[in-house]
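If you're matching positions, the sequence shown starts at 9 in this note's numbering and goes up one per residue.
Virtual Cβ for every residue (Gly too), placed ideally from N, Cα, C.
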Amino acid sequence: MENTINGLHHITAIAGGAKKNYDFYTRVLGLRMVKKTVNFDDPQTYHLYYGDEVGTPGTILTFFPWEGITAGRRGARQVTEIGYSVPKGSLDFWLKRFEDNKVLYNKPAEKFGEQYLTVLDPDGLKLELIVSKTADTRLPWETAEVKAENATRGFHNITITTNKIDATAKILTDVFGYRLLEQHVNRFRFITDAVDNAAIVDLVEVAGEVAGHVAGGSVHHVAFRVKNEEVLMQYREKIAALGLHITDKIDRNYFYSLYFREPGGVLFELATDNPGFSVDESVAELGSGLKLPAQYEKMRGELEKSLPSLV
Ligand code: ZN
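Laid out in structure tokens, this is it:
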């Protein structure tokens, strides 16, 4: 855990309407909104974070909701599936829940010996609820309707679709410390042993697939987890040494970040465990207030009026 990439940290996607997004993730899927803030590069837009009780890295899915944004298109050079870990025996609960809530889903299927359910969020973002082959002892966030025996545990994996896996695979193995675990036809499963969960990246190779379009219902970037800023900067050197462009360290209030585009075209971020989401509100209060970085505090009155209501 010390100097390694510790699996997934968070995934950031683009949504349409904020309220629809909030309802789906907090009510239907039963996640906790752990932070309500704004896009630091576009403060008129929310940045909503959903995760477990404290927003543990490896459970965090975040959105920039832009009302009326055009739909994106899944394709190559993108994260095309987001896999959540769910308990054994819970898929019937989820099937009924998606049916009752008129959510689009597919019948359960299986890959790498794991049963899963594919579901689309209100903007068409593709999620999978996967019963992991390995134990997942992470404590779930519970709601009145989604109890622990069914609740998501955080991420199981992500899937990246690419025309040719080699360059992306090389970043995963040679820089991030992942290894090839299994292969089935054109799906290559990579795993890191640094963590027990949120440890898998699947690369799907489709030579003729056109590049996807990042807009509503698609993933903007995926962040991998490091312990602290010291490790973050060690990885900055390793990635820069490959001749890839990588940003300076950016303060995201709840973590420190670096961004680079991996050679397969996906925007990767590295993000630290520290300081975490309880830096500006208590664990009990997480997600309850609009939290603004210092530079936008003076705009609070205006933003509270213009940002859409979630309730
Ligand atoms: Zn991010």
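Which whole-angstrom value describes the C-beta separation of residue i and residue j, a residue pair presumed to lie in contact below a C-beta threshold of 8 angstroms?
i      : j      : result
Ile254 : Leu266 : 6 angstroms
Tyr264 : Glu238 : Contact flag wrong, Cβ pair sits at about 10 angstroms.
Val111 : Val127 : 6 angstroms
Lys246 : Asp281 : Wrong, their Cβ atoms sit about 19 angstroms apart, outside the cutoff.
Thr180 : His229 : Reading off the sequence, residue 180 comes out as Leu, not Thr. The Cβ separation is near 16 angstroms, so there is no contact.
Asn114 : Leu125 : 7 angstroms
Phe32  : Arg260 : Not quite, the Cβ-Cβ distance comes to about 24 angstroms (not below 8 angstroms), so this is no contact.
His164 : Tyr92  : 6 angstroms
Leu56  : Ala26  : 7 angstroms
Val291 : Glu107 : The pair is not a contact, with the Cβ atoms about 34 angstroms apart (cut-off 8 angstroms).
Gly63  : Arg233 : That belief does not hold up - the Cβ atoms of Gly63 and Arg233 are roughly 12 angstroms apart, past 8 angstroms.
Asp210 : Phe196 : 7 angstroms
Does the ligand ZN have a heavy atom nearer than 7 angstroms to the CB of residue i?
i      : result
Glu277 : yes
His229 : yes
His323 : Limits of the chain in this structure are 9 at one end and 319 at the other, which puts residue 323 out of reach.
Thr321 : The structure shown does not extend to residue 321, since the chain is modelled only from 9 to 319, so the question has no answer here.
Thr170 : no
Ser265 : yes
His18  : yes
If the criterion is Cβ atoms closer than 8 angstroms, does the pair residue i and residue j meet it?
i      : j      : result
Ala177 : Phe198 : yes
Val36  : Tyr304 : no
Gly224 : Trp149 : no
Leu135 : Ser226 : no
Gln123 : Pro130 : no
His18  : Pro73  : no
Gly273 : Ala207 : no
Val212 : Thr169 : yes
Ile90  : Leu103 : no
Tyr262 : Gly284 : yes
Thr12  : Gly185 : yes
Lys119 : His192 : yes
Arg82  : Thr88  : yes
Pro51  : Leu311 : yes
Ala215 : Lys257 : no
Can you look up residue i in the DSSP assignment and give me helix, strand or coil?
i      : result
Lys28  : helix
Ser265 : strand
Ile247 : helix
Glu61  : coil
Arg35  : helix
Arg260 : coil
Tyr304 : helix
Thr78  : coil
Val183 : helix
Lys172 : coil
Leu311 : helix
Phe72  : strand
Glu10  : coil
Glu270 : coil
Phe320 : The question about residue 320 has no answer here: the residues shown for the chain are numbered 9 through 319.
Glu293 : helix
Val287 : helix
Under 8 angstroms between C-beta atoms, does residue i make it to chain B?
i      : result
Ser290 : Protein chains in the displayed structure number just one, and chain B is not present.
Worksheet item: Which parts of the segment 188-242 are runs of the alpha helix (DSSP H), unbroken and 4 residues or longer, counting only runs that do not cross its ends?
Response: If you keep only unbroken alpha helix (DSSP H) runs of at least 4 residues inside the segment 188-242, you get nothing at all.
Worksheet item: What are the complete alpha helix (DSSP H) segments, minimum 4 residues, inside the segment 90-168?
Response: Segments of the alpha helix (DSSP H) lying fully in the segment 90-168: 99-108.
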